[in-house]
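Read the structure below first, then the notes.
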Amino acid sequence: MLQGVGTVVGALAVIGAAIIGSRTFDNWKRQKLAERHIEQAERILTATYKVRRGLSYVRNPAMWGHETDAAEEQLKANGEWEKTFPESERKSLATRQAYYNRLNSTRDDQRALEECQPMARAFFGEELEKAIEKLNHQFWSVKVYVDANHKDKTGADAAFRRKIESTIWEGWPSPAENEVDQFIAAQVKLIESFCLPVLRMENVKAAIPTATVAARSRSVAARLPSAGSKPVLP
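Throughout the sequence shown, residue numbering follows my numbering, covering 705 to 938 in sequence.
Right, dumping it as structure tokens:
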């Protein structure tokens, strides 16, 4: 009789241990998944803010003398300068090269955001992946209209001229009227709508120990650029 009771108790103990173990494993899985969500959200948002800052730098209407001087030296080095006439055409060529230099300086940031796309789709879905792609695509759009600006000698088509200027110049004729400014802001806002709630622990706090939350929050605060930061021109 006692042996039978012992067997039952032993079996119940095994079942209880299995249940507890299963719950522990499920909690561990949820915690790890939540931590990965936080890591990816931080990575995506950091890359997004860097790209936004890079686009602001590339599209700054102020083209400084040292930028065009450096572009001129490059054109002389590759033989383009001597083959180009008249002087106004040389200036236009130097301006285009200066824009190219700005674009080239943002390549690492472009690549970092592009590399976020697979995990953005895996963790947050296609909508976030597309928003990242559209934001990064603005660098290509700027290059297209930089080339158009170089070729448009007369500015006879007012609508096309305005499109060129609003694409390559941030805030022109005003931030509210600039379609590219508005498009960039919309993509950043959409990306933030996916990532900020995760970073603020609004959806995942219950799955993560308090110590992990605090450590991750400190990391985010230290590493994310300010949402309103502006580029510092060389």
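Each residue gets a CB set at the ideal place from its N, CA and C atoms; glycine is no exception.
Distance check between E771 and each of T799, I836 and A745 places T799 closest, using alpha-carbon atoms only. In the three-state DSSP reduction, G769 falls in the helix class (H, G or I). The residue among S760, R794 and H841 with its C-alpha nearest the C-alpha of A775 is R794.
In summary, D885 is buried, with 16 or more beta-carbon neighbours lying within 10 Å of its beta-carbon over all protein chains present.
Assigned with DSSP and collapsed to three states, G859 falls in coil, not helix or strand.
Take the alpha-carbon of L817 and the one of I748: they are about 7 Å apart. Selection T752, P879 and I872 evaluated against F898 yields T752 as nearest (Cα-Cα).
Beyond the five residues adjoining it in sequence on each side, R756 comes within less than 6 Å, by CB distance, of V892 in the same chain, given in chain order.
N840 sits in a helix when the DSSP states are folded into three classes.
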